[in-house]
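Visitor:
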Amino acid sequence: MAGGRLTTHVLDTMQGKPARGMRLELHFVHGDHTHHLLDSYTNEDGRVDRPLLDEDFQQGEFEIRFHVGQYFERLGVEIETPFLDVVPIRFTISEDRHYHVPLLVSPFAYSTYRGS
1 MAGGRLTTHV LDTMQGKPAR GMRLELHFVH GDHTHHLLDS YTNEDGRVDR
51 PLLDEDFQQG EFEIRFHVGQ YFERLGVEIE TPFLDVVPIR FTISEDRHYH
101 VPLLVSPFAY STYRGS
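Numbering of the sequence shown is given in UniProt numbering, commencing with residue 1 and proceeding in unit increments.
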């Protein structure tokens with residue numbers, strides 16, 4: 001599928017800046033199980049240096065797992081009662097286009113949308 005790609009961007013809404021160094025995993029969802037496709041970390045802009053899917057772009061159901069708890073722990077954020085750990089965002093790619101799946105996150109809440 002030439003032309004399609006998948007990207008992400010993570011913003012730390014607690015600090016009001018990009019989430020640098022957050023681990024994420026991309027999985028392809030197949031029925032009741034998933035296939036691990038890649039592990040990566042966000043850069044200083046809260047982005048991954050290369051598209052999550054590019055030459056290997058395909059339609060289907062995917063899941064990005066953002067390691068939010070690990071990120072805030074590494075920053076030294078003290079939370080009396082931790083709430084978020086791994087945040088899974090499951091979505092469907094149904095067109096040969098650019099899909100951008102951003103995450104806005106704090107230790108207690110997150111939001112996502114289909115970006116451009």
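For glycine and all other residues, C-beta sits at the position ideal for the given N, C-alpha and C.
For residue 80, which of helix, strand or coil comes out of DSSP?
Guide: Residue state, collapsed to three classes: coil.
Visitor: Per DSSP, what kind of secondary structure is residue 68 in: helix, strand or coil?
Guide: In the structure shown, residue 68 sits in a helix (DSSP, three-state: H, G or I).
Visitor: Give the C-beta separation of residue 9 and residue 46 to the nearest angstrom, bearing in mind that I take them to be a contact with Cβ-Cβ under 8 Å.
Guide: The pair is a contact, with the Cβ atoms about 5 Å apart (cut-off 8 Å).
Visitor: Can you name, in chain order, every residue of its own chain whose Cβ lies under 6 Å from the Cβ of residue 72, other than the five neighbours on each side?
Guide: Contacts found: 107.
Visitor: Within its chain, find whatever has a CB closer than 6 Å to the CB of residue 87; leave out the 5 residues flanking it on each side and keep chain order.
Guide: Around residue 87: 66, 68 and 110.
Visitor: Using CA atoms only, rank isn't needed, just tell me which of 56, 14, 22 and 31 is closest to residue 37.
Guide: With distances taken between Cα atoms, residue 37 lies closest to 56.
Visitor: Between the alpha carbons of residue 39 and residue 96, how many angstroms are there, rounded?
Guide: Distance between the alpha carbons of residue 39 and residue 96: 23 Å.
Visitor: Roughly how many whole angstroms lie between the Cα atoms of residue 76 and residue 18?
Guide: Rounded to the nearest angstrom, the two C-alpha atoms are 16 Å apart.
Visitor: So the candidates are 59, 16 and 15; which of them puts its Cα closest to the Cα of residue 30?
Guide: Among 59, 16 and 15, the Cα nearest to that of residue 30 is on 59.
Visitor: Hey, residue 42 and residue 21: beta-carbon distance below 8 Å or not?
Guide: Yes. Within cutoff.
Visitor: Using only the alpha-carbon positions, how far apart do residue 63 and residue 15 sit?
Guide: Rounded to whole angstroms, residue 63 to residue 15 spans 26 Å at the Cα level.
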